[in-house]
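A.B. asks: Take this structure first; my questions come after.
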Amino acid sequence: MNEPAHLHQNIFHSMIDGVLLVSPSLTIRESNLTVEDMFHRSRDSFLHRGLEELFPRQSHVLDKARNVLTTGACYHDVEAEGARNTPASQFPVNLTLSPFLQSDDSIHGAVVLIKNMSLIRELEERQRPADHLDHLAAVTMGMAHEIRNPLGGIRGSAQLLRQEIANESHREYLDVVVSEVGRIDRMIKRMVDLTRPLDLRMERTNIHKVLKEILMLEKDSLARKRGRFEQTYDPSLPPIEADEDQLKQVFLNLIKNAVEASREEGKIQIVTRVSSGYAIKTAATVSRQNIVVEIIDSGEGMDESAQKKLFTPFYTTKKKGSGLGLAISLKIIEDHHGKIKVTSEKDLGTTVQVFLPLRQK
Ligand SMILES: Nc1ncnc2c1ncn2[C@@H]1O[C@H](COP(=O)(O)OP(=O)(O)O)[C@@H](O)[C@H]1O
Ligand SMILES: [Mg+2]
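In the working numbering, the protein residues as written are 159 to 519.
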């Protein structure tokens, strides 16, 4: 047995990251065992096939591999999606591409190092909104106190002054002062609420009843755009343990957003179903069955950079928006041990999925 070659083989197959060797014609010549694991497929299904077998429809990966082969360039941190066949799905990967050199330094192929980013992404996703809130909590608590005190003074003085003034139109100015002060005060209170753990009143809740009430409220504003709601409900959906009022607030926010994003004659689909495929991972990595409510609009959609800002408090693109709807909704759903997932495509529409555990622990 050739000892160094054996050693290299061992190292090759023991690596936590996937390794591919790609020929100058971009066919996959070699792979380590990790690739099979990561892509849930056997080597036979991709060896001697094109690189696009594992990264379909991703010209940026092929372009970079081609560049490696022709110029000898290296690429780090290339974001891509790996393709699994059964079930058909994609998972995020991070690639490093470098030339595979022969002893005379001529380029013999390309080496592609594949890092599976699924878990990291999932953790990041869980971390991100909470981070925003932690940071906001510190600022809010300090500010709320400092603002609400003088605000009380302004309101009191305006009310006193109003009693002293005989001129009716001048009194109306002071009414504006009082009501606007009230508005600021309510906004600050909402910010404070956002940073506090919610006091949930859990009861058996019929999600269809919640949705029905919200749709009644929002039907007219959608009808003004000559649009309509289309409901696809799973009648066997069991009731869940939840705070009904809080859930109403969530679905009002989400459905309002869908209505606001809708164009003339836009359709909004509301779907309910039971999901077994999606597992919410808790610290103990147990998965539970969830109910899913999907709100699918065919409205203006969002590009990727807009999607990244979702759930950030005060992020809004609307003239009179508060930018708090999604942040508050996420907090309520997370306090119910659920999850919100948004997928969107600019100009095509947005799908918001709300996952709620069938049973609370
Ligand atoms: N269904 C949707 N379609 C397109 N954009 C959306 C949708 N839902 C939310 N958004 C975007 O996210 C932003 C934040 O939403 P939200 O937190 O509810 O605050 P607001 O509705 O007050 O702006 C919106 O201003 C909008 O740009
Ligand atoms: Mg909103």
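Each residue gets a CB set at the ideal place from its N, CA and C atoms; glycine is no exception.
Could you name the residues of the same chain whose beta carbon sits closer than 6 angstroms to that of Leu506, not counting the 5 residues immediately before and after it, in chain order?
C.D. replies: In the sequence shown, counting from the first residue as 1, residue 506 sits at position 348. Correct list, in chain order: Gly459.
A.B. asks: Given Ala163, which residues of its chain have a CB within under 8 angstroms of its CB, disregarding the five upstream and five downstream residues?
C.D. replies: Taking the sequence shown and counting its residues from 1, one reaches residue 163 at position 5. Closer than 8 angstroms at the Cβ level, and outside the excluded window around Ala163, lies no residue.
A.B. asks: Less than 8 angstroms between CB atoms is the rule here; does Asp195 satisfy it with respect to chain B?
C.D. replies: The chain labelled as chain B is not found in the depicted structure, where only one protein chain is given.
A.B. asks: So Leu178 and Val193 are in contact, right, with Cβ under 8 angstroms, and what is the actual spacing, rounded?
C.D. replies: Taking the sequence shown and counting its residues from 1, one reaches residue 178 at position 20. Taking the sequence shown and counting its residues from 1, one reaches residue 193 at position 35. Rounded, the Cβ-Cβ distance is 6 angstroms, consistent with contact.
A.B. asks: Quick test of your reading: Leu209 and Leu220, contact by CB under 8 angstroms. State the CB separation rounded to the nearest angstrom.
C.D. replies: As a working note, residue 209 is residue 51 in the sequence shown. As a working note, residue 220 is residue 62 in the sequence shown. About 6 angstroms separates the two Cβ atoms, so the contact holds.
A.B. asks: Buried or exposed: where does Gln511 fall if 16 or more other Cβ atoms within 10 Å of its Cβ makes it buried?
C.D. replies: On the sequence shown, position 353 is the one that residue 511 refers to. Buried: at least 16 other Cβ atoms inside 10 Å.
A.B. asks: For Leu516, which option in Lys504, Lys489, Leu482, Val451 has the closest C-alpha, if you only look at C-alpha atoms?
C.D. replies: Residue mapping note: residue 516 aligns to position 358 of the sequence shown, counting from 1. For Leu516, the nearest C-alpha among the options comes from Val451.
A.B. asks: Considering only C-alpha positions, which residue in the set Thr501, Val500, Pro214 is nearest to Asn243?
C.D. replies: Taking the sequence shown and counting its residues from 1, the one referred to as residue 243 is at position 85. Residue Pro214 is the option with its Cα nearest to Asn243.
A.B. asks: Any idea what DSSP makes of His171, helix, strand or coil?
C.D. replies: Within the sequence shown, residue 171 is the residue found at index 13, counting from 1. Here DSSP, grouped into helix, strand and coil, assigns His171 to helix.
A.B. asks: Please state whether the Cβ-Cβ distance between Leu410 and Leu375 is less than 8 angstroms.
C.D. replies: Here residue 410 refers to the residue found at position 252 of the sequence shown. Here residue 375 refers to the residue found at position 217 of the sequence shown. Closer than 8 angstroms, so yes.
A.B. asks: Please say whether Ile426 and Leu369 have beta carbons closer to each other than 8 angstroms?
C.D. replies: For the purposes of this step, residue 369 is taken as the residue at position 211 of the sequence shown. For the purposes of this step, residue 426 is taken as the residue at position 268 of the sequence shown. Cβ distance not < 8 angstroms, so Leu369 and Ile426 don't count as in contact.
A.B. asks: Taking just the CA atoms, how far does Asp493 sit from Asn168?
C.D. replies: As a working mapping, residue 168 is identified with position 10 in the sequence shown. As a working mapping, residue 493 is identified with position 335 in the sequence shown. C-alpha separation (whole angstroms): 47 angstroms.
A.B. asks: Does the beta-carbon distance from Gly496 to Phe469 come in below 8 angstroms?
C.D. replies: Position 338 of the sequence shown, counted from the start, is the residue given in the question as residue 496. Position 311 of the sequence shown, counted from the start, is the residue given in the question as residue 469. For Gly496 and Phe469, no; Cβs fall outside 8 angstroms.
A.B. asks: Buried or exposed: Phe472, going by 16 or more other Cβ atoms within 10 Å of its Cβ?
C.D. replies: For the purposes of this step, residue 472 is identified with residue 314 of the sequence shown, where counting begins at 1. So Phe472 ends up on the exposed side.
A.B. asks: Is the beta carbon of Val334 sitting closer than 8 angstroms to the one on Arg313?
C.D. replies: If you number the sequence shown from 1, residue 334 lands on position 176. If you number the sequence shown from 1, residue 313 lands on position 155. No. Outside cutoff.
A.B. asks: What do you reckon, are the CB atoms on Arg359 and Asp392 nearer than 8 angstroms?
C.D. replies: Translated into positions along the sequence shown, residue 359 becomes position 201. Translated into positions along the sequence shown, residue 392 becomes position 234. Contact flag unset, no.
A.B. asks: May I ask you to list the residues that DSSP assigns as paired with Gln465?
C.D. replies: Translated into positions along the sequence shown, residue 465 becomes position 307. Per DSSP, none; premise fails for Gln465.
A.B. asks: Give the secondary structure of His303 by DSSP, where H, G and I count as helix, E and B as strand, and everything else as coil.
C.D. replies: Reading the sequence shown from its first residue, position 145 is the one you call residue 303. The answer is helix: DSSP assigns His303 an H, G or I state.
A.B. asks: In angstroms with no decimal places, state the Cα-to-Cα distance between Thr440 and Glu280.
C.D. replies: Within the sequence shown, the letter at position 282 stands for residue 440. Within the sequence shown, the letter at position 122 stands for residue 280. Legend: pLDDT at Thr440 = 41, less than 50; position of this residue unreliable, no value from coordinates given.
A.B. asks: Identify the continuous beta strand (DSSP E) that holds Ile398 and give its terminal residues.
C.D. replies: To locate residue 398, count along the sequence shown from 1; it is residue 240. Taken as a continuous stretch (DSSP letters only), the beta strand (DSSP E) holding Ile398 covers 398–400.
A.B. asks: Give the C-beta separation of Leu253 and Leu352 to the nearest angstrom, bearing in mind that I take them to be a contact with Cβ-Cβ under 8 angstroms.
C.D. replies: For the purposes of this step, residue 253 is identified with residue 95 of the sequence shown, where counting begins at 1. For the purposes of this step, residue 352 is identified with residue 194 of the sequence shown, where counting begins at 1. So it is not a contact: roughly 39 angstroms between Cβ atoms.
A.B. asks: Answer with buried or exposed for Gly176, where buried requires no fewer than 16 other C-beta atoms within 10 angstroms of its C-beta.
C.D. replies: In the sequence shown, counting from the first residue as 1, residue 176 sits at position 18. Its Cβ being crowded by 16 or more others within 10 Å, Gly176 is buried.
A.B. asks: Candidates Ser394, Ile413, Arg382, Asp357: which alpha carbon is nearest Glu371's?
C.D. replies: Locating residue 371 in the sequence shown gives position 213, counting from the first residue. That would be Ile413, whose Cα lies nearest to the Cα of Glu371.
A.B. asks: Specify the secondary structure class of Glu458 as computed by DSSP and reduced to three states.
C.D. replies: In the sequence shown, counting from the first residue as 1, residue 458 sits at position 300. Three-state DSSP puts Glu458 in coil, outside helix and strand.
A.B. asks: For Lys504, I'd like the list of residues in its chain whose CB is within less than 7 angstroms of its CB, leaving aside the five on either flank, ordered along the chain.
C.D. replies: Within the sequence shown, residue 504 is the residue found at index 346, counting from 1. Excluding positions up to five away in sequence, the list reads Gly459, Met460, Asp461.
A.B. asks: Give the single residue among Gln447, Ser487, Asn415, Ser433 whose Cα lies nearest to the Cα of Thr475.
C.D. replies: To locate residue 475, count along the sequence shown from 1; it is residue 317. When each option's Cα is compared against that of Thr475, the closest is Asn415.
A.B. asks: Spatial neighbours of Ile174 within its chain, please: C-beta separation below 7 angstroms, excluding the five flanking residues on both sides.
C.D. replies: The residue labelled residue 174 in the question sits at position 16 within the sequence shown. Correct list, in chain order: Thr192.
A.B. asks: Go through its chain and collect everything with a Cβ distance to Arg199's Cβ below 6 angstroms, but skip five positions before and after it.
C.D. replies: Residue mapping note: residue 199 aligns to position 41 of the sequence shown, counting from 1. Taken in chain order, the residues that qualify are Asn243.
A.B. asks: Does DSSP classify Arg341 as helix, strand or coil?
C.D. replies: Here residue 341 is taken as the residue at index 183 of the sequence shown, counted from 1. Three-state result, Arg341: helix.
A.B. asks: Near ligand 2, which residues have their beta-carbon closer than 5 angstroms to a heavy atom?
C.D. replies: Selection output, chain order preserved: Asn415, Gly483.
A.B. asks: Give me the residue from Phe258, Glu399, Gln389, Lys489 with the minimum Cα distance to Arg348.
C.D. replies: Residue 348 sits at position 190 when you count from the first residue of the sequence shown. For the residues Phe258, Glu399, Gln389, Lys489, the minimum Cα distance to Arg348 belongs to Lys489.
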